[in-house]
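Since the structure comes first, as structure tokens, the remarks are kept for the end.
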Amino acid sequence: MRKKFPKDISRRAFLGAAGASLAAVTLPEAAFAQSGGRKVLIIASNQDIPNLDPHIATGYSASFLLRNVYDSLVKIAGNPPKPVPGLAASWTSTADGKEYTFKLDPAAKFHNGKPVTAEDVIYSFKRAIRLNKGNAWMIQGVVGPDSVSAVDATTVKFALLKPFAAFLQVLPWIWIVSKADVEANLGTDDGQNWLRTNTAASGPFKVRRAEAGNLYEIERVADGWQKGGGNLSGAIWRIVRETASQRLMLQRGEAHIAVDLTSEDMDALKDKPGVVSIIEPEYRTFSIKMNTRHGPMADPELRKAISYAVNYKAILDAAGYADLMIGPLPNGILGHNPNLAVYRTDLAKAKEHLAKSKVPNGGIKLTFVHVSGLEQQRRWALILLDSLKALNIELDIKPMIWPDMVAACRSPETFPDMFPVYQTANYGDPDNIAFAAYHSSRNGNWQNAVYGNPEVDALIEKGRSESDEAKRIAIYREMQEKVVADAPDIFGVLEKRKLALRDAVQGFAFVPVASNAVECLGLSLK
Amino acid sequence: MLHFILRRLVLIVPVLFGLTALVFAIARLLPGDPVALAAGPNATPAEIAAYGKEFGLDRPLIVQYGAYLSGLMKGDFGVSIYTRRPVIEDLRAYLPATLELVFAAMFLAIAIGIPAGLAAAAWRDKWPDYLSRVVALGSISMPRFFLGLLLQLLFAMWLGWLPLGGRFPITEDPPALVTGFLTLDALIARDFTAFSIACQHLVMPAIAMSLSPLATIMRMMRASTLEVMQQDYVLTERALGLSSRLIMLKYVSRNAISATLTVIGLYFGWLLGGTVLVETIFDWPGLGLYATKAVVTQDFMPVIGVTLVIGTLFVFANFAVDLLYGVINPKVRTE
Numbered sequence: 001m002r003k004k005f006p007k008d009i010s011r012r013a014f015l016g017a018a019g020a021s022l023a024a025v026t027l028p029e030a031a032f033a034q035s036g037g038r039k040v041l042i043i044a045s046n047q048d049i050p051n052l053d054p055h056i057a058t059g060y061s062a063s064f065l066l067r068n069v070y071d072s073l074v075k076i077a078g079n080p081p082k083p084v085p086g087l088a089a090s091w092t093s094t095a096d097g098k099e100y101t102f103k104l105d106p107a108a109k110f111h112n113g114k115p116v117t118a119e120d121v122i123y124s125f126k127r128a129i130r131l132n133k134g135n136a137w138m139i140q141g142v143v144g145p146d147s148v149s150a151v152d153a154t155t156v157k158f159a160l161l162k163p164f165a166a167f168l169q170v171l172p173w174i175w176i177v178s179k180a181d182v183e184a185n186l187g188t189d190d191g192q193n194w195l196r197t198n199t200a201a202s203g204p205f206k207v208r209r210a211e212a213g214n215l216y217e218i219e220r221v222a223d224g225w226q227k228g229g230g231n232l233s234g235a236i237w238r239i240v241r242e243t244a245s246q247r248l249m250l251q252r253g254e255a256h257i258a259v260d261l262t263s264e265d266m267d268a269l270k271d272k273p274g275v276v277s278i279i280e281p282e283y284r285t286f287s288i289k290m291n292t293r294h295g296p297m298a299d300p301e302l303r304k305a306i307s308y309a310v311n312y313k314a315i316l317d318a319a320g321y322a323d324l325m326i327g328p329l330p331n332g333i334l335g336h337n338p339n340l341a342v343y344r345t346d347l348a349k350a351k352e353h354l355a356k357s358k359v360p361n362g363g364i365k366l367t368f369v370h371v372s373g374l375e376q377q378r379r380w381a382l383i384l385l386d387s388l389k390a391l392n393i394e395l396d397i398k399p400m401i402w403p404d405m406v407a408a409c410r411s412p413e414t415f416p417d418m419f420p421v422y423q424t425a426n427y428g429d430p431d432n433i434a435f436a437a438y439h440s441s442r443n444g445n446w447q448n449a450v451y452g453n454p455e456v457d458a459l460i461e462k463g464r465s466e467s468d469e470a471k472r473i474a475i476y477r478e479m480q481e482k483v484v485a486d487a488p489d490i491f492g493v494l495e496k497r498k499l500a501l502r503d504a505v506q507g508f509a510f511v512p513v514a515s516n517a518v519e520c521l522g523l524s525l526k
Numbered sequence: 001m002l003h004f005i006l007r008r009l010v011l012i013v014p015v016l017f018g019l020t021a022l023v024f025a026i027a028r029l030l031p032g033d034p035v036a037l038a039a040g041p042n043a044t045p046a047e048i049a050a051y052g053k054e055f056g057l058d059r060p061l062i063v064q065y066g067a068y069l070s071g072l073m074k075g076d077f078g079v080s081i082y083t084r085r086p087v088i089e090d091l092r093a094y095l096p097a098t099l100e101l102v103f104a105a106m107f108l109a110i111a112i113g114i115p116a117g118l119a120a121a122a123w124r125d126k127w128p129d130y131l132s133r134v135v136a137l138g139s140i141s142m143p144r145f146f147l148g149l150l151l152q153l154l155f156a157m158w159l160g161w162l163p164l165g166g167r168f169p170i171t172e173d174p175p176a177l178v179t180g181f182l183t184l185d186a187l188i189a190r191d192f193t194a195f196s197i198a199c200q201h202l203v204m205p206a207i208a209m210s211l212s213p214l215a216t217i218m219r220m221m222r223a224s225t226l227e228v229m230q231q232d233y234v235l236t237e238r239a240l241g242l243s244s245r246l247i248m249l250k251y252v253s254r255n256a257i258s259a260t261l262t263v264i265g266l267y268f269g270w271l272l273g274g275t276v277l278v279e280t281i282f283d284w285p286g287l288g289l290y291a292t293k294a295v296v297t298q299d300f301m302p303v304i305g306v307t308l309v310i311g312t313l314f315v316f317a318n319f320a321v322d323l324l325y326g327v328i329n330p331k332v333r334t335e
């Protein structure tokens with residue numbers, strides 16, 4: 001039996017109530033303007049800063065916070081990047097490159113008001129080496145626990161264990177903490193627990209708010225020792241996961257700088273009023289590692305055949321704003337040879353090398369793993385699949401999660417035939433990528449799981465201990481030729497750094513190292 | 001009733017214990033090498049081993065589980081191997097944001113879904129019913145993240161009424177932390193501007209989250225109301241000359257709501273575990289994103305911690321629903 005509902009509940013009343021409740025929740029009010037006369041720079045990034053300990057935290061988000069809050073002996077500036085004075089006002093080094101002496105800026109003082117002394121520098125380096133975490137690898141085997149000594153209260157001497165040409169390039173990433181502050185909060189773990197959320201720093205900014213997963217706010221130290229700089233009263237590192245959201249925030253002026261934009265975002269931002277795009281080459285490589293030790297790829301002829309078969313134009317197109325790599329080192333870095341003879345698409349040569357290999361007619365299946373969800377790596381896999389068809393080689397494409405891929409790097413037997421890798425230079429010296437990606441001591445590690453050539457090892461070691469620039473260039477040129485001859489990688493692209501700024505941001509100068517870890521001291525807001 | 005409550009509470013203990021064992025085992029038996037990953041690209045095998053040892057990962061699994069359980073008793077959820085932050089601190093930071101979002105979404109779903117379901121049943125095959133059907137079909141088929149993007153486009157980009165994302169304007173200081181729910185904290189601090197601002201940030205993600213429970217609740221309510229309206233006692237009440245308003249609101253709705261309540265309880269747990277897409281789009285600093293990141297990097301302790309917390313909340317949500325049956329239906333109370 002169906003009943004018609006009588007009209008004593010008025011529909012109009014019902015709908016009216018519904019409408020009113022809807023209106024109540026959408027109050028129009030602009031609530032996102034800058035308050036007061038403060039000049040707060042807002043940076044949108046998708047990376048969190050979960051740990052503030054300067055000798056533990058890594059990643060560009062942590063670098064942002066640390067380089068603004070802490071000081072290091074020298075800083076990095078310019079393009080190409082050069083060391084400039086930080087806590088150290090000046091320095092000298094011996095001709096053999098084994099001894100460096102730094103004269104600290106007499107004005108330098110910590111946020112607690114105490115001056116920065118040689119003791120603090122010694123303490124910081126010892127702590128970094130003792131913990132052996134974070135950026136400590138940069139000075140591992142170079143600075144020992146007894147390498148640093150005080151000449152007087154404001155002069156420190158480093159007696160390096162062995163000469164290290166990139167020494168001044170890595171110093172910006174070893175931060176100086178206040179010995180007194182850390183000692184007072186040592187706990188049972190060398191102050192790790194305390195420094196995770198507190199700072200013992202001397203930099204131009206200090207932490208105002210830290211909300212994990214949401215935002216980190218720094219503010220200019222009122223009576224800081226660094227004079228000058230821009231007009232910023234502070235900066236906020238805002239976690240914005242979606243790059244599309246970062247773009248929208250920038251368009252709306254809710255963020256001043258967005259640091260994780262994709263090529264598509266950059267295209268969308270073109271000609272948008274008030275937005276300045278920065279697309280600059282940076283020392284960040286993306287290539288495909290091949291298993292030089294196990295399986296069919298252990299045959300160098302097959303690797304060369306594949307290197308010639310790859311459609312380089314397609315991989316460049318898929319990479320968006322990028323340049324093709326010329327050999328193993330980033331274009332433009334010291335010692336890079338722009339005229340190096342490298343593999344470019346040439347099917348005739350590919351077939352020639354294939355004929356010389358153990359599988360002259362192809363007919364094999366290779367495994368290509370990639371990080372699941374990383375669209376760019378998947379696109380490359382498809383391009384490779386297509387390129388290898390010409391050699392009658394099949395490609396098995398396997399998306400994996402990153403921890404599983406790292407685990408696969410442990411031995412040549414578990415390492416897949418092909419393995420795409422992004423590599424960011426942490427310091428602007430050829431040693432960084434040469435050592436991490438081609439020295440055999442790094443085997444078992446994802447940056448260089450299997451490749452090793454004693455001659456290349458010797459050149460890399462020679463390169464890092466030579467201090468004469470002309471000689472280093474010659475060494476790295478030879479090293480590049482040898483690596484190309486071995487064809488351990490399909491040398492891919494250098495992705496350009498893609499940043500977008502509001503035009504209100506003044507004083508931004510692009511540095512091709514860690515440019516996404518924005519240094520705020522020199523910046524101003526209109 | 002007290003006996004009923006106690007019995008249900010006692011039953012929760014083995015459920016949670018089983019949950020810890022299961023989650024711990026699954027998290028630890030997965031392949032992959034999170035320690036090598038966390039130790040960083042430049043760690044040597046010896047450093048990786050030392051790193052694992054620091055977190056006690058070299059001990060037998062059963063010993064690790066024992067240590068975890070004893071820590072849990074003291075409120076210690078372990079430490080993330082990536083960030084080295086205690087998991088409990090992260091949970092404290094992220095859980096309130098997610099709960100606030102889920103509660104707001106459930107509030108919307110219930111506040112609109114139940115009256116709309118009643119209305120659809122009352123005016124069956126009339127335009128309120130058709131409208132509700134279209135809305136239900138639309139909201140259940142619309143992916144949450146897509147709706148989120150559309151809302152952003154309309155209200156934030158075109159109309160400029162609402163902020164694009166986040167919980168609070170980042171250049172302002174939020175109200176003093178009491179509950180972790182910004183809306184409640186603002187009310188506690190008697191800061192009504194802050195309350196209004198917090199609500200504006202909450203509206204869009206809450207709407208995006210609420211649509212599918214809303215549709216389900218609405219349809220469920222309509223179906224059970226129609227069923228109850230066929231009962232003889234409703235006919236009797238009509239014969240006695242009671243007003244339709246009274247019959248619907250007092251007698252029919254109360255009986256019809258029991259079945260809907262079950263759905264609400266289930267949806268609560270479902271929403272808790274399914275916030276990640278909405279959180280990503282609206283930059284809502286909540287548990288979903290935290291959990292997703294932990295899962296992708298196989299960071300054991302956060303994964304276990306989040307699963308436990310969501311599991312516990314789910315168990316208690318269903319417990320609350322069971323209690324509500326008793327409140328609404330006296331027959332359940334006496335049984």
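Those protein sequences? They're chains F and G, same order as listed. Each residue of the first sequence is one higher than the one before, counting from 1 in my numbering. Each residue of the second sequence is one higher than the one before, counting from 1 in my numbering. C-beta: ideal position from N, C-alpha, C; glycine also.
On the DSSP bridge assignment, give the partners of residue i in chain order.
i                      : result
residue 92 of chain F  : F/101
residue 211 of chain F : F/215
residue 493 of chain F : F/286, F/324
residue 498 of chain F : F/279
residue 422 of chain F : F/286
Would you verify that the beta carbon of residue i is, or is not, closer than 8 Å to some beta carbon of chain F?
i                      : result
residue 99 of chain G  : no
residue 303 of chain G : no
residue 157 of chain G : yes
residue 36 of chain G  : yes
residue 189 of chain G : no
residue 325 of chain G : no
residue 237 of chain G : no
residue 143 of chain G : no
residue 290 of chain G : yes
Does residue i come within less than 8 Å of chain G when only Cβ atoms are used?
i                      : result
residue 461 of chain F : no
residue 212 of chain F : yes
residue 181 of chain F : no
residue 215 of chain F : yes
residue 254 of chain F : yes
residue 282 of chain F : no
residue 524 of chain F : no
residue 196 of chain F : yes
Taking C-beta to C-beta, are residue i and residue j nearer than 8 Å?
i                      : j                      : result
residue 85 of chain G  : residue 51 of chain F  : yes
residue 325 of chain F : residue 493 of chain F : yes
residue 54 of chain F  : residue 177 of chain F : yes
residue 31 of chain G  : residue 106 of chain G : no
residue 153 of chain F : residue 118 of chain F : yes
residue 49 of chain F  : residue 238 of chain F : no
residue 351 of chain F : residue 394 of chain F : no
residue 44 of chain F  : residue 255 of chain F : yes
residue 460 of chain F : residue 491 of chain F : no
residue 229 of chain F : residue 163 of chain F : no
residue 308 of chain F : residue 343 of chain F : yes
Can you find a C-beta in chain C that's less than 8 Å from the C-beta of residue i?
i                      : result
residue 492 of chain F : Chain labels in this structure do not include chain C; the protein chains are F and G.
*On the three-pair Cβ rule with 8 Å, is the stretch 422 to 429 of chain F touching the stretch 165 to 174 of chain F?*
Under the three-pair Cβ rule at 8 Å, the stretch 422 to 429 of chain F counts as touching the stretch 165 to 174 of chain F.
- Query: Hey, which unbroken runs of the alpha helix (DSSP H) at 4 residues or more fall wholly within the stretch 55 to 86 of chain F?
  - Reply: List check, alpha helix (DSSP H) in window: 60 to 69.
Requested in this report: Would you check if there are 3 or more beta carbon pairs closer than 8 Å linking the stretch 256 to 276 of chain F to the stretch 173 to 188 of chain G?
Outcome: When C-beta atoms of the stretch 256 to 276 of chain F are compared with those of the stretch 173 to 188 of chain G, fewer than three pairs fall below 8 Å, so the two segments do not count as touching.
task: Please list the segments of the alpha helix (DSSP H) lying wholly inside the stretch 248 to 304 of chain F, counting only runs of 4 or more residues, in order along the chain.
output: Annotation note: the stretch 248 to 304 of chain F contains the following uninterrupted alpha helix (DSSP H) runs of length 4 or greater, listed N- to C-terminal: 263 to 269.
* Do the stretch 292 to 302 of chain F and the stretch 332 to 351 of chain F meet, that is, are 3 or more Cβ pairs less than 8 Å apart? -> No, the stretch 292 to 302 of chain F is not in contact with the stretch 332 to 351 of chain F.
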